[in-house]
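Working notes, beginning with the structure itself.
6 protein chains.
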Amino acid sequence: MIHITRRERFNAAHKLARPDWSDEHNKEVFGKCSNPNWHGHNYELFVTVKGNVNPETGFVIDLKDLKDLINREVIEKLDHKNINLDVDFMKGKLASTENLAIAIWDELAKHIRGAELHCVKLYETENNFVEYFG
Amino acid sequence: MIHITRRERFNAAHKLARPDWSDEHNKEVFGKCSNPNWHGHNYELFVTVKGNVNPETGFVIDLKDLKDLINREVIEKLDHKNINLDVDFMKGKLASTENLAIAIWDELAKHIRGAELHCVKLYETENNFVEYFG
Amino acid sequence: MIHITRRERFNAAHKLARPDWSDEHNKEVFGKCSNPNWHGHNYELFVTVKGNVNPETGFVIDLKDLKDLINREVIEKLDHKNINLDVDFMKGKLASTENLAIAIWDELAKHIRGAELHCVKLYETENNFVEYFG
Amino acid sequence: MIHITRRERFNAAHKLARPDWSDEHNKEVFGKCSNPNWHGHNYELFVTVKGNVNPETGFVIDLKDLKDLINREVIEKLDHKNINLDVDFMKGKLASTENLAIAIWDELAKHIRGAELHCVKLYETENNFVEYFG
Amino acid sequence: MIHITRRERFNAAHKLARPDWSDEHNKEVFGKCSNPNWHGHNYELFVTVKGNVNPETGFVIDLKDLKDLINREVIEKLDHKNINLDVDFMKGKLASTENLAIAIWDELAKHIRGAELHCVKLYETENNFVEYFG
Amino acid sequence: MIHITRRERFNAAHKLARPDWSDEHNKEVFGKCSNPNWHGHNYELFVTVKGNVNPETGFVIDLKDLKDLINREVIEKLDHKNINLDVDFMKGKLASTENLAIAIWDELAKHIRGAELHCVKLYETENNFVEYFG
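Respectively, the protein sequence lines represent chains W, U, H, S, R and E. Residues in the first sequence are numbered consecutively from 160, following this note's numbering. Residues in the second sequence are numbered consecutively from 160, following this note's numbering. Residues in the third sequence are numbered consecutively from 160, following this note's numbering. Residues in the fourth sequence are numbered consecutively from 160, following this note's numbering. Residues in the fifth sequence are numbered consecutively from 160, following this note's numbering. Residues in the sixth sequence are numbered consecutively from 160, following this note's numbering.
What follows is the structure, given as structure tokens:
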């Protein structure tokens, strides 16, 4: 068994704010991340899949297939978008890095064939990242 | 004469779109960067100052002073903000990386003392950056 | 359960040398790292905490709180200091990256609330790092 | 128990192609990676060893010894070489990143003393890497 | 006037060796870079263009156009190729980083419209790069 | 004419403090950088040489020669040393990044043959660097 990881990137706007809270209460809890006019990030996404090496190809999974899957199911829906407003799989959720990583896992896990999704790692900035193992 | 550079970072939302154009025309010219609901970036800013070494301190400029200046005049106004809506020195300008770098130069140049502003370098993503020399 | 990581940095001097050994013996065992007049590093610290996502905030832990904790308990005691001479929690210990990571774990673990410390990862150079899981 | 990691690098040529397949079939399965005249990479290798801290030295393993071992057994055989043609431990194997990481593990594991090999992590590009845990 | 830079990457095989010299003489002059069976690199290319900001778009040059140009004229010809054997614009030239940067300049300069090519910067490894200003 | 750059690294201790000033006055001017017991950095050094390409080799300068020169004249004298106490070419100088870059230039310039030293760029941290052009 071996792990293989593909990095992809997307640039998106978001804010941390509950619509059922006032701006003041959002500011208290989420600080500057609650700015009503949004802010944004260059997110960096690492998707790790694990499985056995196929003796015919030397691959756990064809990285081109993995790249296409991540782009079709995740990147095209997030890149140059507003995470709170534009992304179907984030509707009704707080746009925290934690929730976003979990949602990306859910979008990918159902499509991985012949190997197993192991980890979704998501950088919001160079100083902050989350890892979700399902 | 020697050059010294300080790196700072800010996370902001923006879009590339002219209010005097239709969404369709903005889309044609600016592509996905014109998404009406915004997107965002982790901007990386490098400010380079040049001058002679002060023999008493070994410094061209005290980096703590330079850091404080950049934070007060630039980072606090941009970080966790919407460049199109929240930033006084970008009002009425297209929020391109080029225009943003020039505006940052203009904010900083008037405050540098005892040395000379040499370059504002601004990364929008790991693949794109601009440099402005005044 | 999800993992979240915060990066912080500190710049410190140290040497690898046992006071109960001669300079020659220290040189034999620790090589150039035993230089009597010290050397130093830009250390990079990654602190990983794990827990469940709070449904009210979307957070495992408030990163601002985690950042403040790491700075108060660790960075302020190490940054611009001599690890062998200036740091209370390293007194009487060899200033190896291994021992430093373990000591940082011990300083942090007692203060983490509502989540669990998972890993302290410490880079001494771009080519060397340690990870401690408690 | 603590983990310690050493990074090394090597630059090598390879191709993904089975000698028992036609160029066309290799192209179909391996895409541009099957280019008959080779292509190449700056590989980045992270070797992680785990064990207890030796109270006399503060070390899990002497990093100079680990560095020398990796260089002697792995880097000197791969750096500025053709992985398909020049490397004894890759003879008869598809030169995928997966197979290369496993082969590097096998070369190193037999020489680690007083600690245990934990992971071989191998980057082929900044976007792709594999991890093997034995 | 402002400078704007686009980063692209390609993975290629090459060797440093003159066909009019013996393998021994090539080894003497070019060391391990002359390995007859090739080696390879992840090259990183930075293309800098300078010009005035177009007041209608806020752009010096449309980065999508610049990206497409670099990919069509340079990356597609070099990526997953052998620089000595497969690349028309390197035929008959020593495949040094210097010569490659100059050749890339020559391929690009003739196609830049409305702005001026300023610099081609080419990394062979993380420790070595060249810059050509025409 | 083309520029070529070699990166090297060294880890050193230093402090910013004038021996003719009291600890208090040093603290006032140099802040935490004046810690009497030293602190340290992983310095990153970029040496840029410019010249014409030798048509026989495709080189401006043999990078192995440049690497050996930088290591012999600079790195061996600074790596795992105390810049204030151990380095002959820094004796009597304030150990600022500015002064160190100028001193490195002076050590290297006299030994470059067949090409010209263009720039010494020295990173003290990921956020601060200086460039000296002679």
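C-beta: ideal position from N, C-alpha, C; glycine also.
| query | result |
| --- | --- |
| Counterpart residues of R/Phe205 in DSSP-defined beta bridges | R/Arg166 and R/Lys280 |
| Interface partners of S/Leu253 on chain W, CB under 8 angstroms | Thr216 and Gly217 |
| Within-8 angstroms CB hit, S/Lys223 to chain H | yes |
| Per DSSP, the bridge partner or partners of E/Gly210 | E/Ile161 |
| DSSP-derived helix/strand/coil call for E/Asn287 | strand |
| For U/Ile261, the nearest candidate out of U/Leu244, U/Ile234, U/Val289 and U/Lys236 (CA to CA) | U/Val289 |
| Where H/Arg165 meets chain W, residues with beta-carbon distance less than 8 angstroms | Asn286 and Asn287 |
| Any C-beta of chain E under 8 angstroms from that of R/Asn258 | yes |
| Option in E/His162, E/His277, E/Lys269 and E/Asn258 with minimal Cα separation from U/Ile220 | E/Asn258 |
| Proximity test, Cβ basis, 8 angstroms: U/Val212 and chain E | yes |
| Neighbouring residues, chain R, relative to S/Asp245 (Cβ below 8 angstroms) | Asn194 and Asn196 |
| Segment limits, alpha helix (DSSP H) that includes S/Phe189 | Asp182 to Phe189 |
| CA-to-CA distance, E/Ile161 to R/Lys152, given in whole angstroms | Limits of chain R in this structure are 160 at one end and 293 at the other, which puts residue 152 of chain R out of reach. |
| Close-in-space but distant-in-sequence residues of the same chain around E/Leu164 (CB under 6 angstroms, 5 per side omitted) | Looking at the sequence itself, residue 164 of chain E is Thr, so the reference to Leu does not match. Excluding positions up to five away in sequence, the list reads Phe205 and Thr207. |
| With 16 other Cβ atoms within 10 Å as the buried cut-off, status of W/Ser193 | buried |
| Same chain, Cβ closer than 8 angstroms to H/Asn287, five either side skipped, listed in chain order | Thr256 |
| Cβ shell of E/Asn170 (< 8 angstroms), same chain only, five flanking positions each side left out | Gly199, His200, Asn201, Tyr202, Asp238 and His239 |
| Nearest-angstrom Cα separation, counted from U/Val246 out to H/Glu275 | 39 angstroms |
| R/Glu183 burial status per 10 Å Cβ neighbour count (16 or more: buried) | exposed |
| Cα-Cα separation between E/Pro195 and E/Ala254, rounded to whole angstroms | 13 angstroms |
| Chain-ordered neighbours of H/Ile234 on chain W, where CB pairs are closer than 8 angstroms | Result: empty, since nearest Cβ-Cβ is about 13 angstroms, beyond 8 angstroms. |
| Beta-carbon proximity of S/Lys174 to S/Asn243, cut-off 8 angstroms | yes |
| Neighbouring residues, chain R, relative to U/Val188 (Cβ below 8 angstroms) | Thr216 |
| Sequence-distant residues of the same chain with beta carbon closer than 8 angstroms to R/His270, five excluded per side | Leu228 and Glu232 |
| Short CB-CB distance (under 8 angstroms) between R/His200 and chain S | yes |
| Supposed contact pair W/Phe189 and W/Ala172 - C-beta distance, whole angstroms, cut 8 angstroms | With 8 angstroms as the limit, W/Ala172 and W/Phe189 do not qualify as a contact, their Cβ atoms being about 15 angstroms apart. |
| Candidates W/Lys236, W/Lys250 and W/Phe218, of which the one nearest W/Leu267 by Cα | W/Lys236 |
| Beta-carbon gap between E/Trp264 and E/Tyr291 smaller than 8 angstroms | yes |
| U/Glu167 versus U/Lys223, U/Thr216 and U/Gly217, residue with shortest Cα-Cα distance | U/Lys223 |
| E/Gly293 versus U/Gly210, U/Ile234 and U/Trp180, residue with shortest Cα-Cα distance | U/Gly210 |
| Other residues of its chain near U/Asn230: CB distance less than 8 angstroms, five sequence neighbours each side excluded | Glu167 |
| Three-way DSSP call (helix, strand, coil) for S/Asn241 in this model | strand |
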